[in-house]
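>
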Amino acid sequence: MTVRCFACDTLIDADSTEDVLDAFVVHGLWPQFRYGEPAVCPGADQEVSRERLRGLYDLIPSAGLIRHEWRTHGSCAGLSQTAYFALLRRAWEKIRIPAEFGRLSSYRMVDPQAAEQSFITANPGLSSDGIAVTCDRRYLREVRICLTRELDFAACPELGRRACRLTKAVMPPVRGAEPILPLPRIGGAPYSAR
Numbered sequence: 135m136t137v138r139c140f141a142c143d144t145l146i147d148a149d150s151t152e153d154v155l156d157a158f159v160v161h162g163l164w165p166q167f168r169y170g171e172p173a174v175c176p177g178a179d180q181e182v183s184r185e186r187l188r189g190l191y192d193l194i195p196s197a198g199l200i201r202h203e204w205r206t207h208g209s210c211a212g213l214s215q216t217a218y219f220a221l222l223r224r225a226w227e228k229i230r231i232p233a234e235f236g237r238l239s240s241y242r243m244v245d246p247q248a249a250e251q252s253f254i255t256a257n258p259g260l261s262s263d264g265i266a267v268t269c270d271r272r273y274l275r276e277v278r279i280c281l282t283r284e285l286d287f288a289a290c291p292e293l294g295r296r297a298c299r300l301t302k303a304v305m306p307p308v309r310g311a312e313p314i315l316p317l318p319r320i321g322g323a324p325y326s327a328r
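Residue numbers for the sequence shown follow this note's numbering, so the first one is 135 and each next one is one higher.
1) Sorted by chain position, which residues of the same chain lie with C-beta nearer than 8 angstroms to S252's C-beta, five sequence neighbours on each side aside?
2) W164 and L193 - do their beta-carbons sit closer together than 8 angstroms?
3) By the 10 Å Cβ neighbour count, where 16 or more other Cβ atoms means buried, how is P176 classified, buried or exposed?
4) Name the one or two DSSP bridge partners that A88 has.
5) Which residue from G162, L260, A248 and L300 puts its Cα closest to that of P195?
6) I need the straight-line Cα distance from R201 to S262, nearest angstrom please.
7) Can you check DSSP and say which residues form a bridge with Y77?
8) How would you write the range of the alpha helix (DSSP H) that R184 sits in, first residue to last?
9) Could you pull out every residue in the same chain whose Cβ sits closer than 7 angstroms to the Cβ of G264, ignoring the five residues on either side in sequence?
10) What number of angstroms, rounded off, separates the C-alpha of P246 from the C-alpha of V304?
11) Expressed to the nearest angstrom, what Euclidean distance is found between the alpha-carbon atoms of L221 and L300?
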């Protein structure tokens, strides 16, 4: 079964944050197979126009990430750029970001499993086998949600392999949302910003 994996990324680096309302932005949308996903498919137009970039900054506030997502995943979706980015926008509009993850102005410690449950609660029909919150050693990085081709929530248990195993992770503020307070401490040592 092929489903689409939609990822919301915590916003750390951006070209523009003036239209960003949440601490999450779109990271991408790609075909998801049972084991993995296709990447960098030949034949698709690899360039993304400046006009299209400007029209996407409210979803993905980084020209580099927009280009990367098109080259890496969009080119494999079997859609034109126009259709791919329209589908990506519809996927974003379907996902409800929980209120507690609004436009953060300071670093916040979060329990990744509680964040996952918040997304499940905010999105009726989303189940625990269709979502994964990912992190690195310190930061909550993204929320991956599986959708059908029709953008209904779907199960894709392979996401669980990438789920965050931490009990606490740092969620960064939206760059440009003042004030930015010091990083939270765990065990007496502050996390350093990247």
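Heads up, the beta-carbon is just placed ideally off N, CA and C, and yes, glycines get one too.
In short:
1) P232, E234 and F235
2) no
3) exposed
4) Nothing in the structure corresponds to residue 88, since the chain is present only between 135 and 328.
5) G162
6) 31 angstroms
7) Summary: the structure shown does not reach residue 77, with the chain confined to residues 135 through 328, and so no result is reported for it.
8) Here the alpha helix (DSSP H) through R184 covers R184 to L190.
9) I279, C280, F287, A288, A289 and C290
10) 9 angstroms
11) 32 angstroms
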